[in-house]
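Counting in my numbering, the sequence shown runs from 8 upward without gaps.
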Amino acid sequence: MTAVFDDGSVPDPDSDSVTARLLDATEKLLADKGIRATTMTDVAEEVGVSRSWLYRHFPDKQALVGGAIIRLIEISWAQSAAELSDIDGFEERLVAGVKIGRRAYDDPGTLLMRLRVREPEEFYACAGAGVQGLVPDLAGFWRPYVEAARDAGDIHARTDVAEASEWIARVMISLGSVPGNCIDPDDPASLRRHFRRYVLPALRIAPVK
């Protein structure tokens with residue numbers, strides 16, 4: 008077992024590096040033990056910090072596990088950026104985007120899939136805690152594709168790219184993770200119909216002041 012530092016010890020002054028180490032340890036423990044069995048003390052001991060020091064970075068277990076879950080989703084998106092860039096047309100990119108997002112959950116070999124299947128209540132509670140950070144990050148991912156759509160004339164020339172990118176991010180999260188009765192997120196035709204009826208028309212009209 009890794010020794011725990013004293014409360015006043017700060018092992019790394021770089022906040023991004025510290026967060027990465029904490030999330031690395033959390034991901035390892037989740038793979039080994041699952042959500043329910045992983046504790047804040049486990050993570051602190053794995054990294055070699057005090058529990059009180061850990062709480063300075065993550066206020067509770069939901070926030071910590073949620074951060075690890077969201078990072079796994081973001082990694083999946085980053086790995087899929089080249090795939091999306093090779094697709095022509097904004098509509099087809101949107102359709103492919105849902106598939107990419109769902110793949111992060113549905114690949115049978117991924118940690119995300121194992122956690123979702125084995126501990127669904129804990130998974131969604133923690134994932135919800137992490138979504139606050141996912142929206143701006145996913146909006147940043149979609150921004151170049153929204154800009155390309157504007158430049159190509161696929162959406163209105165005066166589209167607020169930052170705002171539209173955030174809306175697309177929220178649509179992707181909803182379609183990829185929230186069940187419904189009218190849209191089949193695994194059916195490209197169903198997704199294409201939804202985008203043609205609602206999302207694309209909204210982006211093609213002049214923005215309201």
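Ideal Cβ placement from N, Cα and C applies to all residues, glycine included.
Inset, instruction - Count the other C-beta atoms from every protein chain shown that fall within 10 angstroms of the C-beta of Cys-189, then say buried if there are 16 or more, exposed otherwise. - result: Burial state of Cys-189 is exposed, judged by a 10 Å Cβ sphere holding fewer than 16 other Cβ atoms.
Inset, instruction - Using three-state DSSP, classify Arg-165 as helix, strand or coil. - result: In the three-state scheme derived from DSSP, where H, G and I count as helix and E and B as strand, Arg-165 is classed as coil.
Legend entry - Where Asp-67 sits in the DSSP three-state scheme: Look at Asp-67 here: in three-state DSSP terms it is coil, with no helix or strand label.
Legend entry - Among Val-102, Thr-45, Ile-212 and Leu-145, the one whose alpha carbon lies nearest that of Leu-122: The shortest C-alpha separation from Leu-122 is found at Thr-45.
Inset, instruction - Output the distance between the C-alpha atoms of Leu-145 and Ala-88, rounded to the nearest integer angstrom. - result: The alpha-carbon of Leu-145 is positioned some 11 Å away from that of Ala-88.
Inset, instruction - Take every Cβ of the segment 65-80, pair it with every Cβ of the segment 155-172, and state whether three or more of those distances are shorter than 8 Å. - result: No, the segment 65-80 is not in contact with the segment 155-172.
Inset, instruction - Taking all protein chains shown into account, decide if Gly-147 is buried (16 or more other Cβ within 10 angstroms of its Cβ) or exposed. - result: Gly-147 is exposed by the Cβ-count criterion.
Legend entry - Option nearest Lys-106 by Cα separation, candidates Leu-118, Glu-90, Thr-117 and Asp-95: Restricting attention to Leu-118, Glu-90, Thr-117 and Asp-95, the CA atom closest to the CA of Lys-106 is found in Glu-90.
Inset, instruction - State whether the segment 154-167 contacts the segment 66-84, with contact taken as three or more CB pairs (one from each stretch) at a distance under 8 Å. - result: The segment 154-167 vs the segment 66-84: no contact.
Inset, instruction - Verify whether the separation of the beta carbon atoms of Leu-119 and Ile-76 is less than 9 Å. - result: With contacts defined as CB atoms closer than 9 Å, Leu-119 and Ile-76 qualify as a contacting pair.
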